[in-house]
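Taken in order, these protein sequences are the chains called A and B.
If you count by our numbering, then the first sequence holds residues 1 to 188, one letter each, in order.
If you count by our numbering, then the second sequence holds residues 1001 to 1145, one letter each, in order.
Think of the CB as a built atom: it goes at the ideal place given N, C-alpha and C, for glycine as much as any other residue.
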Amino acid sequence: MSERKVPIRASILDKPLIRPKTEVSLSSFAFLFSEIVQYSQTRVSSIADLEKKLETLGYSIGQKLIEMISCRDRATKRETRLVGMLQYVSNVLWKHLFGKAADNLERSMENEDEYMIHENSPVTNTFVSVPADMGHLNCAAFIAGIIAGALDSARFNAKVTAHLVESETGIDRTIFLVKFAPEVISRE
Amino acid sequence: MATYYQLFIINRNGGLVYSKSLAPTAPALSTNDSLRLGSTFHGLHAIAQQIAPIVSGGIERLETETFILQCFQTLTGVKFVVTAAPGTPDLDALLRGIYEVYSDYVLKNPFYEVDMPIRCDLFHRFLDKQIERHRSLSTNKRRSL
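Okay, structure coming up:
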């Protein structure tokens, strides 16, 4: 009788940090995200709370994401300038999350401390149709949370909100408004 | 010319989840009528499955002199039913395309409760696109024959 070999379970600390790029199916993500939204919906009492909850979930992801990406990219220099950091977010972070760079990055005309990242169709919103009684809910609040977490972790404290902009062609774009804390601006 | 008359989507309990008139020549149905039609068809489908002399999955296609009715039943019991003018080709492909749109924009929508009437904006939009695509595809097919 042959004895079955018991596999030695590798602990998560033994696995290599640098892993090859993997792809996740859009449907799996869509179903998981749909469940996240439904789960959060039963635990909050208002739409603003639901957005806040999604942001909080994204925040914890963003904090750890930026560490992991910097490690995997083997970047030797970290960004210390504001614009450099924003470009890092809209290029490297976006590519890692969504496979492409953000559509546009611009600076607000009115306020010195506001910047905007444009994204034509955030992956969180592709299959979501918000019912009329939920008005202005934007599930991209999740992505806004990721950005906020990443920026905070890199010591660029900011508040990020997601806004839906309706354009004439009927394609709704999402704009992530990044408002930096005053100490970040004065540091520049 | 590919003329589709009506589309019905019936949930697994027989309740009508979505109905749409696809041509101005289609008979106008009130909401109550559509609901009644939906549940009647659901019942007939089940009966046909039971009394068929061979192993059958229910009513798939009904052809009369004035219209064709094609039904596509999914593994979960949701039925997609379309009526069209006689001689319209590729109704099966149309129903499969609609099933894809349904599974994308209805089932992945966190604000949709299963078996409830469909009220998703994106579903309506992409459904129209899908129907238009199939309409022009089968019209072109006809022309090239």
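Within chain A, Thr126, Phe127, Val128 and Ser129 have C-beta atoms less than 9 Å from the C-beta of Leu1122 of chain B, given in sequence order.
At a Cβ-Cβ threshold of 9 Å, Val1106 of chain B and Phe1123 of chain B count as neighbours.
Around Asn91 of chain A, the same chain offers Ala101 and Ala102 as residues with beta carbons nearer than 8 Å, after the five sequence neighbours per side are excluded. For Thr1083 of chain B, the uninterrupted beta strand (DSSP E) run begins and ends at Lys1079 to Ala1084, by DSSP. In this structure, the straight-line span from the alpha carbon of Leu164 of chain A to that of Tyr1099 of chain B is close to 29 Å.
For Arg1119 of chain B, the nearest CB of chain A lies under 9 Å from its own CB, placing it at the interface with that chain.
Taking the CA atoms as reference points, Ala1023 of chain B sits about 53 Å from Ile66 of chain A. Taking a C-beta cut-off of 9 Å against chain A, the contacting residues of the segment 1099 to 1118 of chain B are Ser1103, Asp1104, Tyr1105, Val1106, Leu1107, Lys1108, Asn1109, Pro1110, Phe1111 and Tyr1112, listed in chain order.
Under the three-state reduction of DSSP, Ile1010 of chain B is assigned to strand. Proximity of chain B to Val24 of chain A at the Cβ level (cut-off 7 Å) is not reached, the minimal Cβ distance being about 15 Å. Under DSSP, Asp172 of chain A shares a beta bridge with A:Glu166. Close partners of Val37 of chain A in chain B (Cβ separation under 7 Å): Pro1110. In this structure, Asp1104 of chain B keeps its C-beta atom at 9 Å or more from the C-beta atom of His1134 of chain B. Within the same chain, Asp113 come within 8 Å of Pro182 of chain A by CB-CB distance, once the 5 residues on both sides are set aside.
Look at Cys139 of chain A here: in three-state DSSP terms it is coil, with no helix or strand label. Per DSSP, Ile66 of chain A is one residue of the alpha helix (DSSP H) stretching across Ile47 to Asp73. The beta carbon of Lys1020 of chain B sits closer than 6 Å to the beta carbons of Leu1007 from its chain, once the five residues preceding and following it are set aside; these are given in chain order.
No Cβ of chain B is located within less than 9 Å of the beta carbon of Ser167 of chain A. A direct Cα-Cα distance of roughly 12 Å separates Tyr59 of chain A from Thr161 of chain A. Here the alpha carbon of Leu26 of chain A sits roughly 22 Å from the alpha carbon of Phe176 of chain A. With contacts defined by Cβ atoms closer than 9 Å, Ile185 of chain A and Ile61 of chain A do not form a contacting pair.
Within chain B, the C-beta atoms nearer than 7 Å to that of Ala30 of chain A come from Lys1108, in chain order. Around the beta-carbon of Asn1140 of chain B, fewer than 16 other beta-carbon atoms lie within 10 Å, marking it exposed. One Cα belongs to Thr174 of chain A, the other to Asn104 of chain A, and the distance between them is close to 11 Å.
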